[in-house]
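Student:
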Amino acid sequence: MRKVIAVMSVRTRFAPSPTGYLHVGGLRTALYAYLYARQHHGTFILRIEDTDQSRKVEGATEKLIEALQWAGVQFEEGPGKDGHHGPYVQSQRLPIYREHVQQLLKDGKAYHCFCTSERLEQLRAGGATMYDRLCRSIPLDEALKRVDTGEHHVIRMKIPDDGVLNFHDEIRGDVSIAFNTIDDQVLLKSDGFPTYHLAVVVDDHLMEVSHVIRGEEWLPSTPKHILLYQYFGWSIPKFAHLPLLLNPDKSKLSKRQGDVAVEDYRTKGYLKEALINFVAFLGWNPGDERELFSLEELIKEFSLERVGKAGAVFNIDKLNWLNQQHMKLKSDADLLPLVKPYLESKGWDSVTDEYLQQVIGLMKERVVVLTDFVDACPYFYQEPETYDETAKAKNWKPESPAHLSALLEKLNLLPVFDAASVEAALRSTAEGFNVGAGKLIHPMR
RNA sequence: GCUCCCAUCGUCUAGGGGUUAGGACACGAGCUUUUCAAGCUUGUAACACGGGUUCGAUUCCCGUUGGGAGUACCA
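What follows is the structure, given as structure tokens:
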């Protein structure tokens with residue numbers, strides 16, 4: 000006979016609600032969960048939390064998955080993937096939640112609440128900060144009878160009247176919250192859908208999630224979740240609450256102050272390697288002075304212990320620098336297929352791959368994002384005459400190389416070469432651009 | 001309001017009872033480069049405040065201030 004030591008395998012998940020796009024903060028949360036799972040040879044799960052029907056957005060799940068895939072954050076279990084814990088979409092798990100609510104009801108850990116939203120509003124208007132627990136005293140058999148008559152109701156969980164709940168967070172350390180500051184949380188809504196609080200706990204347990212890695216906004220509701228685990232008699236997973244991502248003014252990262260969708264950065268021409276590297280360093284660092292990391296290196300070196308507690312401002316300057324660095328790490332040939340779509344979207348698709356690759360080689364150390372390979376140097380792709388027209392239309396009359404340079408800047412063009420050679424190019428007199436030692440023959444000539 | 005969380009250069013951060021408080025981005029200067037970049041060198045710049053504890057606190061404790069989150073039949 001031999002003893003088998005059961006080692007709990009690491010299982011993490013990213014559980015977004017499909018509201019339209021993948022937020023960069025969501026990407027970081029997903030990334031950390033993914034890194035942790037991969038590092039421990041565990042499993043990373045994607046679960047869609049679509050329990051709010053009113054916020055359902057068509058095609059959002061697909062966009063979410065696409066963004067994750069683009070970034071290289073691969074999940075082993077989730078929608079469209081086989082796993083033994085599915086379905087991975089909460090709206091398809093309704094019977095499971097109802098079943099668990101029944102158990103809670105039977106055990107006296109939850110109760111039917113028939114209060115109308117009007118009454119709840121009145122309560123709040125009267126200064127109440129929490130539900131007054133009116134329906135808690137209704138006997139179960141009486142409640143069941145009222146349910147049978149079709150009376151609208153929700154199911155609430157019973158929170159102890161006093162006492163304190165202590166728990167340990169992997170990032171924040173010990174946290175404690177008094178029960179008397181916690182409301183009797185609604186678990187099942189009147190439309191039969193569970194609230195987040197019920198669904199996460201049930202799913203995380205059923206999907207055997209070992210580490211709940213999520214944003215800091217969930218820290219205050221963690222006691223409710225832990226209480227629920229206790230009510231069900233389940234073992235409690237480890238929790239790790241990540242600091243928030245902030246706007247430059249330190250408020251929570253929002254749409255108003257810049258792009259927050261991963262796809263925005265993708266279309267703007269950022270490399271996934273740079274975005275991943277950047278987002279990983281918002282709240283984490285390896286403890287030494289290295290800053291350029293690949294996904295594989297992050298998997299190797301990431302640790303929850305080194306995740307900071309304070310919120311981090313999402314500063315585009317560093318992202319730009321990181322993008323340049325990762326761009327330089329790639330060969331011209333690797334960059335080619337990434338740049339091509341941008342060129343095609345401009346309709347300037349008559350250049351050959353060889354030509355484009357040469358342009359990439361020339362521009363690589365002068366540009367910030369992929370779109371710059373096109374937008375910053377249109378004279379490489381346009382008919383010289385066309386470009387001349389543009390200049391004329393804008394009333395360009397360069398008086399000197401310096402003046403021309405200034406004009407170029409006004410047009411947001413990077414002064415790639417010296418003013419004289421750009422001028423020459425504009426006048427389309429040269430048969431090609433002189434660049435360093437080599438010469439690039441303009442495709443339109 | 002109440003509850004919880006947080007606090008090192010402008011930003012991302014390292015560090016930690018005694019340090020010239022380190023790095024990166026951004027910004028300035030210089031070198032290099034035919035030019036623009038890149039690269040290299042270099043400069044400016046931080047421990048929020050007040051009390052403790054201590055021989056000594058930026059570091060530990062308490063408070064204040066500031067910031068953030070939560071407080072929904074949203075997640």
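The numbering of the first sequence is numbering that gives the first Met the number 0, which starts it at 0 and goes up by one.
Beta carbons are placed, not taken as given, at the ideal position from N, Cα and C, and that holds for glycine.
Which parts of the region 272-347 are runs of the alpha helix (DSSP H), unbroken and 4 residues or longer, counting only runs that do not cross its ends?
Tutor: You should have 294-300, 315-328, 331-345.
Student: Taking the alpha-carbon positions, what's the I95 to E65 distance?
Tutor: 28 Å
Student: Between the alpha carbons of H240 and G41, how many angstroms are there, rounded?
Tutor: Taking the straight line joining both Cα atoms gives about 19 Å.
Student: What's the gap between the Cα of N319 and the Cα of V367?
Tutor: 6 Å
Student: The alpha helix (DSSP H) spanning A59 covers which residue range?
Tutor: Taken as a continuous stretch (DSSP letters only), the alpha helix (DSSP H) holding A59 covers 59-70.
Student: Going by C-alpha distance, which of F43, L93, F238, V312 is nearest H167?
Tutor: F238
Student: Does the region 266-282 come into contact with the region 298-312, if we say contact requires no fewer than three beta-carbon pairs (one atom in each stretch) closer than 8 Å?
Tutor: By the Cβ criterion, the region 266-282 is in contact with the region 298-312, since at least three pairs of Cβ atoms, one from each stretch, lie closer than 8 Å.
Student: Give a yes or no on contact between the region 194-208 and the region 256-274, applying the rule of three or more CB pairs nearer than 8 Å.
Tutor: no
Student: Given this structure, state the Cα-to-Cα distance separating K271 from L186, to the nearest angstrom.
Tutor: 38 Å
Student: Among I235, H204, V211, which residue has its Cα nearest to the Cα of H84?
Tutor: Nearest C-alpha to H84: H204.
Student: To which residues does DSSP link S16 through a beta bridge?
Tutor: Answer is none; S16 lacks a bridge partner.
Student: By Cβ distance, which residues of its chain are closer than 6 Å to I212, with the 5 residues on each side in sequence left out?
Tutor: T11, Y31, A32, A239
Student: Which same chain residues, not among the five before or five after S293, have their C-beta less than 7 Å away from its C-beta?
Tutor: E272
Student: Work out the CA separation of L334 and W217 for me, nearest whole Å.
Tutor: 40 Å
Student: What are the partner residues of L241, as DSSP defines its beta bridges?
Tutor: G214
Student: Do K327 and F277 have their CB atoms nearer than 8 Å?
Tutor: no
Student: Grab the span of the beta strand (DSSP E) containing S90 for me, first residue to last.
Tutor: Taken as a continuous stretch (DSSP letters only), S90 belongs to no beta strand (DSSP E), as it is neither H nor E.
Student: Is the CB-CB distance between M156 and L227 below 8 Å?
Tutor: Against a cut-off of 8 Å, the Cβ pair of L227 and M156 comes out as a contact.
Student: Could you tell me which residues DSSP pairs with N165 in its beta bridges?
Tutor: In the DSSP secondary-structure assignment, N165 is bridged to S175.
Student: From the DSSP secondary-structure annotation, give me the bridge partner or partners of P193.
Tutor: BP columns for P193 point to L187.
Student: Exposed or buried, what is A127 when buried is set at 16 or more other beta-carbons lying within 10 Å of its beta-carbon?
Tutor: exposed
Student: Tell me the residue span of the beta strand (DSSP E) that contains L139.
Tutor: Note, L139: premise wrong, no beta strand (DSSP E); alpha helix (DSSP H) at 139-147.
Student: Could you tell me how far apart the beta carbons of H224 and V199 are, in whole angstroms, since I believe they sit closer than 8 Å?
Tutor: 7 Å
Student: Is the Cβ-Cβ distance between F313 and V72 less than 8 Å?
Tutor: no
Student: Can you grab the Cα-Cα spacing for the pair C134 / P78, in whole Å?
Tutor: When rounded, the separation of the alpha-carbon atoms in C134 and P78 is 38 Å.
Student: Helix or strand or just coil, what does DSSP make of C134?
Tutor: helix
Student: Have a look at the DSSP bridge pairing and note the partners of V56.
Tutor: BP columns for V56 are empty, so no partner.
Student: I'd like the span of the beta strand (DSSP E) that includes L45, first residue to last.
Tutor: 42-45
Student: G25: buried (16+ other C-beta within 10 angstroms of its C-beta) or exposed?
Tutor: buried
Student: Could you pull the start and end residues of the beta strand (DSSP E) that Y110 belongs to?
Tutor: Start and end: 109-112.
Student: Report the residue from G286, T221, D140, D183 whose alpha carbon sits nearest the alpha carbon of L119.
Tutor: Measuring from the Cα of L119, the nearest candidate turns out to be D183.
Student: Going straight from the alpha carbon of T50 to that of S302, what length do you get?
Tutor: 32 Å
Student: Tell me which same chain residues have a C-beta within less than 6 Å of the C-beta of G19, skipping the five on either side of it?
Tutor: V56, A59
Student: Tell me whether the beta-carbon of S8 lies closer than 8 Å to the beta-carbon of S209.
Tutor: yes
Student: By alpha-carbon positions, which one of F231, V338, W347, T351 ends up nearest to F372?
Tutor: The residue among F231, V338, W347, T351 with its C-alpha nearest the C-alpha of F372 is V338.
Student: With DSSP collapsed to three states, give me the class of P377.
Tutor: helix
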